[in-house]
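Residue numbers (this note's numbering): 35 to 152. For every residue, glycine included, the Cβ atom is placed at its ideal position computed from N, Cα and C.
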Amino acid sequence: MSEPLYQPRSDVAARLLGLGVFSAGAAVIWWQGVLPLQAAVAEKPLVEYSIKLVILGEFFVATGLFWMIRGLAGYTAVRTMQKSPKTMKVLAAAALAATLLSWWLLTHVFESYGYFNP
């Protein structure tokens with residue numbers, strides 16, 4: 035595995051990186067999750083959204099929170115998790131569960147308002 039483009043060297047740098055990743059994820063969730071839901075509730079004629087982007091935003095938010103809370107230890111923990119097959123299987127199962135829950139919830143809410151995503 036290659037080295038990342040930027041690697042924080044202190045707790046503050048890791049927390050700031052986490053804040054940036056968290057902010058990017060929150061912005062994507064707002065743009066592709068909350069705003070379309072508000073438009074659906076307001077019964078707009080055309081509502082476009084991407085469940086894939088919402089799920090990506092959720093992963094960014096979770097990673098950003100982890101780095102903000104744990105700092106440099108959280109960043110190095112994520113880097114070392116990649117080398118453990120058991121940990122990666124657990125993370126993959128949790129990610130699959132979160133993905134399916136998000137997909138089901140958003141699809142259910144939009145279909146209850148009469149919108150269908152092809």
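Gly108 sits in a helix when the DSSP states are folded into three classes. Between the stretch 56-68 and the stretch 91-98, the count of C-beta pairs closer than 8 Å reaches three or more; the two stretches touch. In the DSSP annotation of this structure, the continuous segment of the alpha helix (DSSP H) that includes Ala128 starts and ends at Pro119 to Ser146. Check the Cα spacing between Ser57 and each of Ala47, Ala129 and Gly98: the tightest is with Gly98. The three-state secondary structure of Ser84, taken from DSSP, is coil. For the pair of segments examined, the stretch 45-57 was found to touch the stretch 106-118: the number of CB pairs separated by less than 8 Å reaches three. In the structure shown, Gln72 adopts helical secondary structure according to DSSP, grouped into three states. Membership of Gly54 in the alpha helix (DSSP H) is indicated by the continuous run Asp45 to Ile63. For Gln116, the secondary structure class from DSSP, reduced to helix, strand or coil, is coil. In the structure shown, Glu92 adopts helical secondary structure according to DSSP, grouped into three states.
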